[in-house]
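K.L.:
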Amino acid sequence: MTFADFGLAEPILRAVTEIGYREPTPIQAKAIPVVMEGRDVMGAAQTGTGKTAGFALPIIHSLMPLANASASPARHPVRALILAPTRELADQISVNFAAYAKYTPLRSTVVFGGVDMNPQTQALRRGVEILIATPGRLLDHVGQRTLNLSQVQILVLDEADRMLDMGFLPDIQRIINLLATQRQNLMFSATFSEEIRRLAKSFLHDPQLIEVARRYALADNVDQRVFRVATDEMKRAAVGHLVRERALDQVIVFTNTKLGASRLARQLQRDGLNADAIHGDKSQQDRLQTLDGFKEGRVKVLVATDVAARGLDIVELPAVINFDLPHSPEDYVHRIGRTGRAGASGQALSLMTERDARSLADIEKLTKNKLPVEDLVLAAPATADGARPRDRQTTGHRPADRPGDRGADRGADRGFDRDDRREPRSGGRGVRGPRAQKAPVDPLFLEPYQPADDPPPVPTADDPGIGPSLARGQQRPRKVAVLLGGKPPGAA
Ligand code: AMP
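In numbering that gives the first Met the number 0, the protein residues as written are 0 to 491.
1) If I follow the unbroken alpha helix (DSSP H) through residue 16, where does it start and stop?
2) Would you call the CB atoms of residue 174 and residue 134 closer than 8 Å?
3) Taking a contact to mean a Cβ-Cβ separation below 8 Å, would you say residue 186 touches residue 42 in this structure?
4) Measuring only the C-alpha atoms, how far is residue 117 from residue 141?
5) Is the beta carbon of residue 65 less than 8 Å from the beta carbon of residue 78?
6) Starting from the C-beta of residue 120, find all residues in its chain whose C-beta is less than 6 Å away, skip the five residues before and the five after it, and write them out in chain order.
7) Tell me whether residue 20 counts as near the ligand AMP, meaning its Cβ is closer than 7 Å to at least one heavy atom of that ligand.
8) Out of 292, 277, 75, 128, state which residue places its alpha-carbon closest to the alpha-carbon of residue 286.
9) Measuring alpha carbon to alpha carbon, tell me which residue in 205, 256, 110 is nearest residue 37.
10) Would you list the residues sitting across from residue 42 in a DSSP beta bridge?
11) Report the rounded CA-to-CA distance for residue 408 versus residue 369, giving the unit in angstroms.
12) Can you name the start and end residues of the alpha helix (DSSP H) that residue 108 belongs to?
13) Looking at the secondary structure, which residues open and close the alpha helix (DSSP H) in which residue 363 lies?
14) State the start and end residues of the unbroken beta strand (DSSP E) segment that holds residue 100.
15) Which residue comes first and which comes last in the alpha helix (DSSP H) that contains residue 162?
16) Report the start-end ranges of each alpha helix (DSSP H) in the region 224-289 that is 4 residues or longer and not cut off at the edges.
17) I'd like to know whether the C-beta atoms of residue 303 and residue 223 end up nearer to each other than 8 Å.
18) Check each candidate in 73, 26, 296 and name the one with the smallest Cα separation from residue 274.
19) Would you say the beta carbon of residue 100 comes nearer than 7 Å to a heavy atom of the ligand AMP?
20) Does DSSP put residue 62 in a helix, a strand or coil?
21) Does the distance between the C-beta of residue 23 and the nearest non-hydrogen atom of the ligand AMP fall short of 7 Å?
22) I need the straight-line Cα distance from residue 239 to residue 258, nearest angstrom please.
23) Say the cut is 7 Å; is the CB of residue 49 nearer than that to a heavy atom of the ligand AMP?
24) Taking a contact to mean a Cβ-Cβ separation below 8 Å, would you say residue 358 touches residue 225 in this structure?
25) So, is residue 189 buried or exposed, given that buried needs 16 or more other C-beta atoms within 10 angstroms?
26) Would you say the beta carbon of residue 52 comes nearer than 7 Å to a heavy atom of the ligand AMP?
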């Protein structure tokens with residue numbers, strides 16, 4: 000089968016050929032004809048399956064008869080609205096639409112929160128047929144009357160499960176009320192909870208269900224392994240070890256918290272790895288810069304939270320590492336979807352300690368797949384006299400071992416990444432929730448993010464850093480990465 004078999008307009012086929020797509024992916028083969036027919040769709044697709052082109056190409060095709068080269072904004076009303084949960088995903092979809100519609104006069108733009116509204120307002124005033132948006136910022140534009148959605152005839156809710164998880168349901172409902180009543184609705188979700196089904200029922204009309212993979216099935220070209228380490232501290236050394244031992248050119252390391260992401264990136268930098276973090280505490284500018292650095296290969300290890308990583312489209316990523324096993328097993332599926340894309344093989348390496356056994360069991364239950372667990376024994380750091388003490392690296396517990404930390408971390412992370420929001424919401428499962436208790440905070444977590452060239456902090460009597468406590472005047476132990484064969488920062 001080829002793209003020409005769908006009967007897509009010639010300018011679309013030209014763009015697709017130029018991009019290098021040779022044949023439709025399974026979701027495209029199923030979705031494109033149905034969307035071209037004008038039917039509503041409920042799509043269940045794994046990440047990295049080519050879902051974006053699955054809806055974008057037929058949408059562009061449907062809008063082609065309305066495309067015009069007029070300079071008048073009135074001739075370019077918003078006709079297709081694509082809602083996405085995160086800035087990165089919205090940006091990614093927008094880049095794809097622009098590429099697919101390159102040879103048509105159709106205009107598209109993207110609006111998301113966290114950046115200046117003015118350039119977005121100007122683009123909207125000039126008129127666009129295709130608008131990609133995160134819900135909060137879209138409503139901001141509606142509130143400022145720079146946007147009229149009454150002629151939207153195609154609505155896409157992408158990653159609907161994540162939108163509900165982030166508390167966007169009330170916004171979505173408000174947005175739907177602003178659209179033309181006669182319209183085509185497409186909803187895509189990786190998971191199908193009761194909540195998602197209810198939402199689907201409320202706004203999809205006689206939808207065609209399109210499913211390309213068994214629910215929660217994982218791509219079989221991904222080699223999944225779990226490494227058990229003794230303590231949380233050992234996980235940091237394990238990341239460096241896996242990256243070096245397996246000669247991973249590029250890897251995304253997932254943490255469950257934003258603070259954990261910053262901290263890990265900083266520590267990996269000190270261990271001589273080219274690492275950076277992406278999460279909701281960083282400015283939009285910083286996030287996009289970090290992403291560009293990763294895509295261009297300047298950043299080798301990208302440490303990311305789940306929410307920040309959504310929508311990252313990095314083809315042929317050789318590996319992902321789960322520094323923390325995710326609290327929700329669905330997130331495991333999303334994370335793993337980052338590797339093994341577009342047919343390439345990938346590695347999904349997870350780190351666990353004994354207390355992650357429950358999360359592992361949940362993942363195995365959801366994916367119906369038993370994961371091989373192997374013990375990863377790493378050398379403990381030596382003291383100045385060369386002894387290997389029973390220390391925090393091998394036997395200790397860091398503050399996160401205290402009960403309640405998991406919930407607090409999760410709530411904090413999800414909550415902060417909802418930075419597209421304009422006002423507090425009460426409906427978001429991610430923010431409130433029984434597990435979002437207040438937990439003791441390691442003061443290091445409160446420090447601002449430090450770039451790679453910062454000198455390592457000087458240990459004090461109060462904060463001896465990772466490793467055994469040091470007596471005043473005693474030398475700090477050597478870095479674990481050095482023991483594992485890595486280079487210290489600045490080494491030739
Ligand atoms: P998506 O699931 O939409 O994020 O797409 C994942 C990746 O697959 C993106 O890099 C797309 O550019 C790429 N892709 C989409 N469709 C095709 C295709 N038919 N052939 C090859 N690559 C594709």
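C-beta: ideal position from N, C-alpha, C; glycine also.
P.N.:
Reading off the structure:
1) Residues 9-18.
2) One thing to note: residue 174 has its Cβ within 8 Å of the Cβ of residue 134.
3) Annotated as proximal: residue 186 and residue 42, with beta-carbon spacing under 8 Å.
4) Between the C-alpha atoms of residue 117 and residue 141 there is a straight-line separation of about 14 Å.
5) In this structure, residue 78 lies closer than 8 Å to residue 65 by Cβ.
6) Excluding sequence neighbours, residue 120 sits near 145.
7) Under cutoff, so the answer is yes.
8) Per the Cα distances, 277.
9) Shortest Cα-Cα distance from residue 37 to any of 205, 256, 110 involves 205.
10) DSSP lists 187, 209 as partners of residue 42.
11) With a pLDDT of 34 at residue 408, under the threshold of 50, the predicted position of this residue should be treated as unreliable, though the coordinate-derived value follows. Taking the straight line joining both Cα atoms gives about 27 Å.
12) No alpha helix (DSSP H) contains residue 108, which is instead part of the beta strand (DSSP E) from 107-110.
13) Note, residue 363: alpha helix (DSSP H), 356-366.
14) In the DSSP assignment, residue 100 falls outside any beta strand (DSSP E) and carries neither an H nor an E.
15) Going by DSSP, residue 162 is part of the alpha helix (DSSP H) stretching over 159-164.
16) Whole alpha helix (DSSP H) segments, 4+ residues: 231-244, 257-269.
17) The Cβ atoms of residue 303 and residue 223 lie no closer than 8 Å to each other.
18) When each option's Cα is compared against that of residue 274, the closest is 296.
19) Incorrect: residue 100 has no Cβ contact closer than 7 Å to the ligand AMP.
20) Per DSSP, reduced to three states, the secondary structure at residue 62 is helical.
21) Within the cutoff, so yes.
22) Cα atoms of residue 239 and residue 258: separation of roughly 19 Å, rounded to the nearest angstrom.
23) Yes - the ligand AMP has a heavy atom lying nearer than 7 Å to the Cβ of residue 49.
24) Contact: no.
25) Buried, by the Cβ-count rule.
26) It does: the Cβ of residue 52 is within 7 Å (strictly closer) of some heavy atom of the ligand AMP.
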